[in-house]
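Report on one structure; see the data block that follows.
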Amino acid sequence: MIKDLIRGLWRENPIFVQVLGMCPTLAVTTKALFGFSMGIATLFVVVSSSVVISIIRKLVPEQVRIPMFTVIIATFVTAADYFLKANFFSISKALGPYVPLIVVNCIILGRAEAFASKNSVGRSFLDALGMGLGFTCALIVLGSIRELFGFGTIFGFQILGDGFEKWIIMILPAGAFITLGILVGVFNIIDKKMRARERVQG
Amino acid sequence: MKNKLTDIFANSVVRMIVALAIVGTVSGAALVLVYNYSMPKIKVNMKADTERAIKDIFPQTDKIQNTKEEGVFKAVDSSGKLLGYAFLAEGNGYQGTIKMIAGVDGSITTMNGMEVLESQETPGLGAEIADDKFRKQFNGLSLSHEIEYVKNEKPQQPYEIEAITGATISSRSVVHILNKRIGEIRKALKG
Amino acid sequence: MEFEKLILILIGASITNNFVLTYFLGICPFIGVSSKIDSAIGLGIATTFVMTLAATVTWLIYYYILVPFNLVFLQYVTFIIVIASLVQFVEMFIRKTSPPLYKALGIFLPLITTNCAILGLTLFMVLRDYNFLESIIFGLGAGVGFTLALVIMAGIREELKFADVPEPLKGAGITLIIAGLLALAFMGFGGIISSG
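If you're matching them up, the sequences are chains W, X and E in order. Going by the working numbering, the letters in the first sequence line up with residues 1 to 202, in that order. Going by the working numbering, the letters in the second sequence line up with residues 203 to 393, in that order. Going by the working numbering, the letters in the third sequence line up with residues 394 to 589, in that order.
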């Protein structure tokens, strides 16, 4: 059971390993807070749609499976979007059209198709929770790095002194791509070392 | 897992249509609930956003009154004196709509400020129209002449602003939108 | 004036604010598929076709059904269904009418439904208040932009086979970094419009 939860956090991390769900990852991570909010919104959608899909999995006709999953996902995304607009107006303004784009985030349909449609509710819940948390963590890391170099702050707190010249490129699209590319590389190095150690122990 | 009965049903077109119809109906119903819960709150938020912008432009504002003109508000201080008019202005930017709120004094001879409510300009470049450095140029700008913009030099005239380097289109759009809207408001309030 | 705006939308969507490199839309196929120029061109053309069609259909549905009947909250659900059915329809149509074309494009069509660029396109279209004609041009421009980015990327990755890429960066890492450099290069095109 616990394996279902941990998988998404590291070994199958949706961003660093599977490289899925890229558009929100790159677009909203100009600041850590935006990355965090997008992560939580995605977490909500992936968990609730996985649970619902797992509950109805035996009733779903094979041929219309994908359209049904998509409608369920789109419903939860709309709910999340309206909830953000109602309660966190300024965040929702900053995330803009990238909240509705959660609908086509491959992670969610991927989890529905690969896991929730075949496994029990409990396991699907844990799997989705792990994937959502892994996604959120990755967004926070990326957002913090870009915010630190782009604005000199993290979550709005001043980290670098006044003499710091802002790196505009970090807030621009190019900075997003390059930062994530390097992070993926760093992740691979760490993962490789960990695997090597496991092999020695095993 | 599946027994024979569900297998037969799984292949029938009827079952497919029923399943889709049920999902569609449930989803629609759920969204109606969500919509009804959040719409009033969203409206309050949008109004609060506008009010905050107006108070930013006219700090002494005590009351905001509607005028007969749609999207134009009177900002009044606690003694009832007219501080100026605040108005919504929107138009096309480099990419998509720019929505602003701006303030002018009672006689429409100087501007009191401008705030960007919504824009989809390029982050880091055009999006700087919402930053103080660009915005503050509109505080106290003379309206004796149409607003004009200059590139890569300091403004010479009281009605000039300096465009953002690398984002001339966004800067020009802001100027165009404001000029057009101020013209309309002049006509409406005088007439 | 109207014509000037259309040109501006076309250039904006395809080059200066390229869908892939500025808005990060359609990254999944961009990273996953684009390692051969031939398949990049195929996927690009199929996507452009669906995008133009999607912009047209969703515009009509949004302004003639959703807005008049006060159903805007069903926007996302409706749009994604429209896009999915459109892709299915195009697939069936091509298979019936032109088997050679189906052979060339067929395998790419199912990939298009989950391409965020299409849903993104329809959302931006509504957000920016484009009229009917502008929306079609916007769809076309976005498709051209997507194709352009995809083909350039595929070209670079074909050459990359002979390059000595550091081990940890192989695959996604280096692709992202190249995309970053491309995004920088495309920023230079910004001057086409803003020098006006």
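Ideal Cβ placement from N, Cα and C applies to all residues, glycine included.
**Q.** Where T42/W falls, given that 16 or more other Cβ within 10 Å makes a residue buried
**A.** Classification for T42/W: buried.
(Q) Please classify R195/W as buried or exposed, where buried requires at least 16 neighbouring CB atoms within 10 angstroms. (A) Under this definition R195/W is an exposed residue.
Q. Run through DSSP, which three-state label would K392/X get?
A. K392/X falls in the helix class under three-state DSSP.
Q) Checking contacts by CB at 8 Å: is G534/E closer than that to chain W? A) No, because no Cβ of chain W sits closer than 8 Å to the Cβ of G534/E.
**Q.** CB contact below 8 Å: V470/E versus chain X
**A.** Yes - at least one Cβ of chain X is within 8 Å of the one on V470/E.
Q. Roughly how many angstroms separate the alpha carbons of S309/X and A288/X, rounded to a whole number?
A. Spanning the two alpha carbons is a distance of roughly 12 Å.
**Q.** Extent of the continuous alpha helix (DSSP H) to which K563/E belongs
**A.** Looking at the DSSP string, K563/E is not in any alpha helix (DSSP H), and its letter there is neither H nor E.
Q.
I want to verify the contact list: residues of chain E whose CB lies under 9 Å from the CB of V103/W, in sequence order.
A. Residues of chain E passing the Cβ test: Y469, V470, F472, I473, C509, L512.
(Q) Considering Cα atoms alone, identify which of L142/W, V184/W, V186/W is closest to M38/W. (A) With distances taken between Cα atoms, M38/W lies closest to L142/W.
Q: Show which residues of chain W have a CB atom less than 8 Å away from the CB atom of A232/X.
A: Simply T75, A79.
Q. Unbroken beta strand (DSSP E) runs of length 3 or more, entirely within the region 72-104 of chain W: which are they?
A. Listed in chain order, there is nothing to give.
Q) V47/W and F125/W: beta carbons closer than 8 Å? A) Taking 8 Å as the Cβ cut-off, V47/W and F125/W qualify as a contacting pair.
Q: Below 8 Å CB to CB, which residues in the same chain sit around L343/X once its five sequence neighbours on both sides are set aside?
A: So the list reads T312, M313, I349, P360, Y361, I363, once near-sequence residues are dropped.
**Q.** Per-residue contacts from L577/E into chain W (C-beta, under 7 Å)
**A.** Correct list: A174.
Q) For E560/E, does the count of other Cβ atoms within 10 angstroms reach 16, so buried, or fall short, so exposed? A) Counting Cβ neighbours within 10 Å, E560/E comes out exposed, since fewer than 16 surround it.
Q: Give the straight-line distance between the Cα atoms of K554/E and G548/E, rounded to the nearest whole angstrom.
A: About 11 Å.
**Q.** For I55/W and G293/X, the rounded distance between their alpha carbons
**A.** For G293/X and I55/W, the distance between alpha carbons rounds to 48 Å.
Q | Backbone secondary structure at A114/W - three-state DSSP | A | In the three-state DSSP reduction, A114/W falls in the helix class (H, G or I).
Q | Cutoff 8 Å: P24/W Cβ touching any chain X Cβ | A | No, P24/W does not count as interfacial toward chain X.
Q. At what residues does the alpha helix (DSSP H) containing N188/W begin and finish?
A. In this chain, the alpha helix (DSSP H) harbouring N188/W covers 173-201.
Q: Specify the secondary structure class of S344/X as computed by DSSP and reduced to three states.
A: Annotated three-state conformation of S344/X is strand, per DSSP.
Q | Distance, A329/X Cα to R337/X Cα | A | Cα-Cα distance, rounded: 11 Å.
Q: Please decide whether I72/W counts as near chain X, where near means a Cβ-Cβ distance under 8 Å.
A: With respect to chain X, the C-beta atom of I72/W has a partner C-beta closer than 8 Å.
Q: Tell me where the alpha helix (DSSP H) around N463/E begins and ends.
A: Segment: none, N463/E is in no alpha helix (DSSP H) and carries neither H nor E.
Q. The ligand HEM heavy atoms versus the CB of G548/E: any closer than 7 Å?
A. The ligand HEM is not part of the structure shown, which contains no ligands of any sort.
Q. Does F187/W come within less than 8 Å of chain X when only Cβ atoms are used?
A. No, F187/W does not count as interfacial toward chain X.
Q | Outcome for Q339/X when other beta-carbon atoms lying within 10 angstroms are tallied against a minimum of 16 | A | Answer is buried; the Cβ neighbour count reaches 16.
Q: Answer with buried or exposed for K203/W, where buried requires no fewer than 16 other C-beta atoms within 10 angstroms of its C-beta.
A: This structure cannot speak to residue 203/W, because chain W is shown only from 1 to 202.
(Q) Which complete alpha helix (DSSP H) runs does the region 24-77 of chain W hold, if anything under 4 residues is left out? (A) Those alpha helix (DSSP H) runs which fall completely within the region 24-77 of chain W and span 4+ residues are 32-55.
Q) Looking at the structure shown, is Q303/X part of a helix, part of a strand, or coil, going by DSSP? A) The sequence shown places Ile at residue 303/X, rather than the Gln named in the question. Strand at I303/X.
Q) Less than 8 Å separating the beta-carbons of P24/W and Y98/W? A) Between P24/W and Y98/W, the gap from beta carbon to beta carbon is short of 8 Å.
(Q) Which residue wins for smallest C-alpha separation from A255/X, given the options S346/X, P242/X, Q322/X, F275/X? (A) Of S346/X, P242/X, Q322/X, F275/X, the residue nearest in Cα terms is F275/X.
Q: Kindly list, in the order they appear in chain X, the residues whose Cβ is closer than 9 Å to that of P14/W.
A: Taking a Cβ-Cβ cut-off of 9 Å, P14/W has no neighbours in chain X, whose nearest Cβ is about 24 Å from it.
(Q) Any C-beta of chain W within less than 7 Å: which residues of the region 397-424 of chain E qualify? (A) Answer set for the region 397-424 of chain E: L414, T415, Y416, F417, L418, I420, C421, I424.
Q) For L101/W, which residues of its own chain have a beta-carbon under 7 Å away from its beta-carbon, when the five flanking residues on both sides are left out? A) Here the set comprises C23, P24.
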